[in-house]
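Residue numbers (my numbering): 297 to 373.
By construction, the Cβ of each residue, glycine as well, lies at the ideal position given by its N, Cα and C atoms.
Everything numeric in this text was worked out from a predicted model, so none of it was measured.
Here the structure comes first, spelled out in structure tokens, and everything after it is commentary.
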């Protein structure tokens with residue numbers, strides 16, 4: 297499980313280095329992303345389903361829906 301900010305930050309740091317292109321594409325495509333939406337994008341990129349992400353992050357189905365909705369609003373046009 298990814299339940300602590302340090303875990304999220306480690307995952308984000310890893311992805312920003314070893315998956316540089318996709319990570320920096322997200323930084324260009326989305327405005328003001330915090331750790332949680334970046335973690336969600338990484339897990340989706342890793343092929344995880346919303347159900348798996350829900351379990352990994354220890355959040356509800358509603359939290360995943362809210363996260364996806366907020367990501368849509370942060371997407372640059």
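What residue range is occupied by the uninterrupted alpha helix (DSSP H) comprising residue 318?
Here residue 318 corresponds to residue number 22 of the chain shown, with the count starting at 1. 316-325 is the extent of the alpha helix (DSSP H) around residue 318.
Leaving aside the five residues before and after residue 341 along the sequence, list all residues of the same chain whose C-beta is less than 7 Å from its C-beta, in chain order.
Counted from its first residue, the chain shown places residue 341 at position 45. Closer than 7 Å at Cβ, skipping near neighbours: 318.
Can you tell me the Cβ-Cβ gap for residue 332 and residue 363, rounded? I've got them flagged as a contact below 8 Å.
For this step, residue 332 is matched to residue 36 along the chain shown. For this step, residue 363 is matched to residue 67 along the chain shown. Contact flag correct, Cβ pair sits at about 7 Å.
Run the CB neighbour count on residue 349, radius 10 Å, all protein chains shown included, and call it buried at 16 or more, exposed below.
In the chain shown, the residue the question calls residue 349 occupies position 53. Buried.
Cα-Cα separation between residue 309 and residue 335, rounded to whole angstroms
In the chain shown, counting from the first residue as 1, residue 309 sits at position 13. In the chain shown, counting from the first residue as 1, residue 335 sits at position 39. Going by the C-alpha atoms only, they are around 10 Å apart.
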